[in-house]
Amino acid sequence: MNNTYKEIEAAIVAASSIVITAHKSADGDSVGSSLGLLYFIEKLGRKAVICHPDKAPDFLDFMDLSHIMLLSDEPENVRNAFQQADLIFCLDYNATDRVGAEMQVLLEEAACMKIMIDHHLNPQEFPTIVVSDTTASSTAQLIAELIVQSGHAALLDAKIGTPLYVGILTDTGSFRFSSVLPRTHEILAMLLAAGVQHHLIHETLNDTNTVSRLRLQGYAMSEKMEILDHYNVALIPLTKEELEKFHYKKGDTDSLANLALSIKGMKAAIVFSERDGIIKISFRSKGKENPVNVFASEHFNGGGHANASGGMSELTVQETLEKMKRLIPEYFKKIE
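The letter at position 249 of the sequence shown is residue 232 when you use this note's numbering, and the numbering goes up by one with no holes.
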């Protein structure tokens, strides 16, 4: 039995006011791990509240996001939750700036115990307890480990298991990434045995396209994608005007990088779109020889996993495209 997980369980039982946080621009893993942990805490007879910086994409609404307070919508309630907290969970992020400037202040000012559970590289040392496992497929898998390794596998049920399954599913690209190990499947088997209806989850996640989203993706692939043939890298730049033309909603561009990466022989795909006054960038790649996290970190204020990272640029879309083209030869081997 993992002593760190037992220590976390003891902290939960001892706490009177627990806050669960995750990174800005929430994804399936941060939402799934947050909800799974919340339901586990409730099974232990304790109460907690989830506080996220902003709303998750609409396709995750089926998990009942009403349990999540948003700093963007309820700033006073979130501030009060942080001020009253005697335990804060930091899920799916490794540095305080990942929660956004406003929540970062609340997090850093809170004097209570903090517990990080995460699978990204190079964690900061701000928490009291750290579970940082870069070999784990997802933070949701680590929450499942918390439940099992603390001796509470019997508490796993469909309510806890469904968001954890969603977290693992989305952060592994439907179990296709190299981060999926034998232990991942062992955890998935436990979740299915607990009553998770995996086929319904796949249907719900995959059959939620809107006409505008599909048209945006079609436009991006047919009109905007540029392939650097000598490096097998695909670039897809999208301006604010182009997103507005297709009635963009949060999450509409999430699958574009993986779609471009599915092209035969493609090493990497980079999508950058103009949103909220900056250029947001998604990096995806294949294989150990084509990591993108260092590229994102060194030039685009980002980072993440070796083959899946994020970043940003304060340049224009065109300037960002030109910068990308200049730098790619330094990070990807030329095909002779």
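Idealized CB from N, CA, C, for every residue including glycine.
Since the model is a prediction, treat every value here as computed from it, not as a measurement.
- Fully enclosed beta strand (DSSP E) runs of no fewer than 3 residues occupy 216 to 221 of the segment 210 to 242, in order along the chain.
- In the three-state reduction of the DSSP assignment, V82 falls in the helix class.
- Counting C-beta pairs with one atom in each stretch, the segment 113 to 127 and the segment 167 to 180 have three or more that are closer than 8 Å, which means they touch.
- In the DSSP secondary-structure assignment, C73 is bridged to T4 and M99.
- Beta-bridge partners assigned by DSSP to K263: S256 and M295.
- Cβ-Cβ distances below 7 Å link L298 to I262 and K306 in the same chain, with the five nearest sequence neighbours on each side left out; the list follows chain order.
- Taking the Cα positions, M52 is about 17 Å away from A84.
- Membership of S115 in the beta strand (DSSP E) is indicated by the continuous run I112 to S115.
- In this structure, V2 is the residue among S245, A251, V2 and E169 with its C-alpha nearest to the C-alpha of N63.
- Annotated three-state conformation of V275 is coil, per DSSP.
- The alpha-carbon separation between A123 and R258 amounts to approximately 28 Å.
- In this structure, DSSP gives I318 a state outside helix and strand, which the three-state scheme calls coil.
- Per DSSP, the unbroken alpha helix (DSSP H) holding L171 starts and ends at P165 to A176.
- Bridge partners of S268 according to DSSP: A251.
- By the 16-neighbour rule on beta-carbons within 10 angstroms, T4 is buried.
- Of all alpha-carbon atoms in T155, P58 and N215, the one lying nearest the alpha-carbon of M86 is that of P58.
- Going by C-alpha positions, V114 is about 44 Å away from E319.
- Between D10 and T153 the beta-carbon gap is near 6 Å, inside 8 Å, which marks them as a contact.
- If the five residues before and after L27 are omitted, its C-beta is found closer than 7 Å to the C-beta atoms of I(-5) and V(-4), all from its own chain and listed in chain order.
- Secondary structure of G285 (DSSP, three-state): coil.
- Taken through DSSP and simplified to helix, strand or coil, M52 comes out as strand.
- For I100, the number of other beta carbons within 10 angstroms of its own is at least 16, and it is reported as buried.
- In this structure, F315 places its C-beta atom within 9 Å of the C-beta atom of A251.
- Your pair S133 and H102 does not check out as a contact, with CB atoms roughly 18 Å apart and the cut at 8 Å.
- Between E272 and G201, the alpha-carbon positions lie close to 30 Å from each other.
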